[in-house]
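Below is one structure, written out as structure tokens; the observations come after it.
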Amino acid sequence: MNRHCFDIAKQGYINLSSRSTKSKYDRQTFETRRIISESGLFHPMQAAVSEIIVSQNMSKESIRLLDAGCGEGSHLNSIQTRINQKKRNHSLAVGIDISKEGISLAAAEYSNAMWCVADIANIPFANEQFNFIINILSPANYSEFQRLLTDRGLVIKVVPEQHYLTELRGILYKGTGKQVYSNTPTIRYFNERFNLIAVENVQYQVSLSEHLIAPLLEMTPLSWGASQECKELILQMDLREITMDFKILVGMKQS
Ligand SMILES: C[S@@+](CC[C@H](N)C(=O)[O-])C[C@H]1O[C@@H](n2cnc3c(N)ncnc32)[C@H](O)[C@@H]1O
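The sequence shown: position 6 = 6 (the numbering used here), numbered continuously.
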């Protein structure tokens, strides 16, 4: 890497970012996201992503997986654990995020991946290092993804669908015209940059214990900018179920 030196932080991650960037996600957001993730709310989506990777990795080639925008790391940990249960050949997992707080939480908890602070717009790895890139509810940089993918490598992008957290969206976005979410432009842009080989919809309802309502509210950017009144309303509602709704786009590197 052009004679650059990078420190390994005592928490066990590498800071590969040349500039310090303040992410909108602070430690508390990541901690609440971790609580929600560990409660199992994302399990069916994580299982679907793992299945796609396992089923697309027909050859003996080892899996080299990058999670771009991994946050506090629980998706990558879960996906990598599921892959290792199904595959015997060695696999490598790397999680990158611009947020030091997210990466430091990931490294403190999960030892089955390499964790790096890095910007997706300038990923400090050599060309063609990964045969799978996952990009879950995070921004993307498709030029960088193309560069990093091996020949016929895949990007698996997870985007929220129309009914994702619809019970919260209805209240937090009331009167803003944003209650209904459209990901049509995201999908169109993805299709322009990759050869779309599969699209999967994953929708399910999860029953919600009372103690998860506050972290659920805090973990999502949906609540950023929401009035205290709206948040109180949600906390006082007897919310017993929440809708999870995702679209998984699978695209192959364009040659
Ligand atoms: C909604 S969070 C999703 C995190 C994780 N994938 C999840 O679903 O829990 C979006 C993530 O993208 C990261 N992010 C935003 N801009 C980034 C960039 N330029 N490079 C790397 N990560 C970035 C944020 O720090 C945040 O962790």
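Even for Gly, the Cβ is constructed at its ideal location relative to N, Cα and C.
- Of the candidates A9, P160, N201, P44, P160 places its Cα closest to the Cα of T186.
- The beta carbon of T220 sits closer than 8 angstroms to the beta carbons of L165, L168 from its chain, once the five residues preceding and following it are set aside; these are given in chain order.
- A distance below 9 angstroms separates the beta carbons of I134 and V155.
- CA-to-CA, the gap between F145 and R33 works out to about 25 angstroms.
- Taking all protein chains in view, the Cβ of A68 is crowded by 16 or more other Cβ atoms within 10 Å, so the residue is classified as buried.
- DSSP, read as helix, strand or coil, puts Q203 in strand.
- Judged by beta-carbon spacing, I123 lies within the 9 angstroms limit of I96, meaning their Cβ atoms are closer than that value.
- Here V94 is near L66, since their CB atoms are less than 9 angstroms apart.
- If you ignore the 5 residues before and after N89, its C-beta comes within less than 7 angstroms of the C-beta of K60, S62, all in its own chain and listed in chain order.
- For K253, the number of other beta carbons within 10 angstroms of its own is at least 16, and it is reported as buried.
- Listed in chain order, the alpha helix (DSSP H) runs fully inside the segment 132-200 are 142-148, 166-172, 184-193, counting runs of at least 4 residues.
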